[in-house]
Amino acid sequence: DLSRWLAKSGTFPLAVVSFGLPVSVSLPCPVIQLDLPLLGGRSQYEVWCCDHPIRFYKHGGTVAAMTGVVLFGSITAPEDPNTGLAHTTEQAYGELLRLLREFGFPHLWRIWNYFPRINDEQHGLERYRLFCMGRHHALTDALPGFPGSLPAGTAVGTQRGPLQMYFLAGAQPVTHLGNPRQLNAYEYPEIYGPRSPSFARATLCRSEGAPQLFISGTASVVGHQSRHEGLPDLQALETVTNLRALIDRAQDLAPAIDRGTSHSVFKVYVRNQKYLETVQHVLQGSFLLPSRLLYLQGDLCRKELLVEIEGLITTD
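Take 1037 as the starting number for the sequence shown in my numbering and just add one per residue.
What follows is the structure, encoded as C-alpha cells:
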C-alpha cells in the first residue's frame, strides 16, 4: 500500500515510477507509469523520497517536486507525426531547461528517456538517432558547459506511448564521469548518427555529504564498438566489466562508493524475454546483488545490443 508506506516512512515523495502497477492514489509529485514489462518478479514501485517538505509544480505535461537543493521533474510529450521525434525531443528538452532556469536548479544530475519503436526508421533515419539529434540541438547552446556538463542518462524503447522523460537536477554542482573502457558518448564518430548521444557515463553527487553514484545505461560497448553480437551471455559479462571499471573510477574520487553495497539498485533492461534466464545466470556470478536487481523488457539504442544495465549506488 503506497499511501501507508509513505505515511510510515516519515518522508516526502519526490517521485513515483511504476513498473506494472497503476498508481491509484493522488500524490503531490511526478508519477511516471512506463510501458516496460517487468520480467521475473512481481510488480513494483520505484519511490524517490526526501526528508524535507516539497514544493509541487504542474503545467501541462510537465510535473515537478522540489526542495531547496533538489528538483525531480517529469515531462510527457506526445509525438507530433507531422514533425517527428527529433522535433518532439528538442521541444521537450527545451521545456526541461526552461523549468530548471525558472526554479533555480542549474545542474543536471540524471535523466531517463523512454519512447517507443527506438530502432525503427523514420524519415530515413533510425528513431534513436532522431532522438539524439533533437536532444543535441536543445542542449548544445542552452546547457552551460556543454558537453562537459552532460549528466548520466538512459534511453530505452517502450512498447508504446509518448516520449517520457524524468530527471533530477540540483542547486549544487556534481561530477560527471567517463568510463576508462569506453569513449565518451558525446565523442562518438559520425557512423552512429548525425549527432552524438548527449550523456555522461555516470554522475557522482555529494549532496549533503553522502555520495551517490548515478550510473548511465551501460552495455557491451568497448571504445565505441558493440561487442559479442548475438551472444547475450558474453554481452552481460562485458557489461559487468564496464560497470566495474566505471565504479572503480568513481571510488578514486569518493572512496565510500562500494560496488558490493546493499545500498544500491540496478535496472537490467533485456531486449527479449528469451534472454532473461541467460542474463540472470551471468549476473548471479557477478558483484551485483540479486536482491537489488530489477529486470525489465525494453528495446535498446543499438539493434545488436541485447542487455543494458543502469544503477544507483548510495552510501547510507
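Every residue gets a Cβ at the ideal spot worked out from N, C-alpha and C, and that includes glycine.
| Item | Value |
| --- | --- |
| CA nearest to the CA of L1330, picked from L1050, A1113, P1073 | P1073 |
| Three-way DSSP call (helix, strand, coil) for T1275 in this model | helix |
| Span of the beta strand (DSSP E) around Q1080 | 1080-1086 |
| Beta-carbon proximity list for G1334, same chain, < 7 Å, skipping 5 on both sides | L1072, V1192, G1193, T1194, Y1305 |
| Reduced DSSP secondary structure (H/G/I, E/B, other) of S1327 | helix |
| Opening and closing residue of the beta strand (DSSP E) in which G1193 lies | 1188-1194 |
| Host beta strand (DSSP E) of L1213 (start-end) | 1211-1213 |
| Collapsed DSSP secondary structure at C1241 in the structure displayed | strand |
| Nearest to P1247 (by Cα), restricted to the options D1288, L1267, G1130 | D1288 |
| Cβ neighbours of V1083 in the same chain (closer than 7 Å, five flanking residues each side left out) | P1049, V1052 |
| In chain order, each beta strand (DSSP E) run of at least 3 residues that lies wholly inside the stretch 1284-1330 | 1300-1306 |
| Run of the alpha helix (DSSP H) containing G1130, from where it starts to where it stops | 1120-1139 |
| Alpha-carbon to alpha-carbon, S1234 and V1257 | 16 Å |
| Test item: CB-CB of Q1218 and G1184 under 9 Å | no |
| Unbroken alpha helix (DSSP H) run spanning G1253, endpoints | Here G1253 belongs to no alpha helix (DSSP H); instead the beta strand (DSSP E) covers 1248-1254. |
| Beta carbon of Y1150 nearer than 9 Å to that of G1197 | yes |
| K1094 (DSSP reduced to helix, strand or coil) | strand |
| DSSP state of S1185 mapped onto helix, strand, coil | coil |
| Own chain, CB closer than 7 Å to T1190, minus 5 neighbours either side, in chain order | W1148, N1149, S1252, G1253, E1346 |
| Which listed residue (L1161, P1117, Q1158, Y1093) has its alpha carbon closest to that of L1136 | Y1093 |
| Top-ranked residue by Cα proximity to F1302, from R1285, S1327, A1290, V1318 | S1327 |
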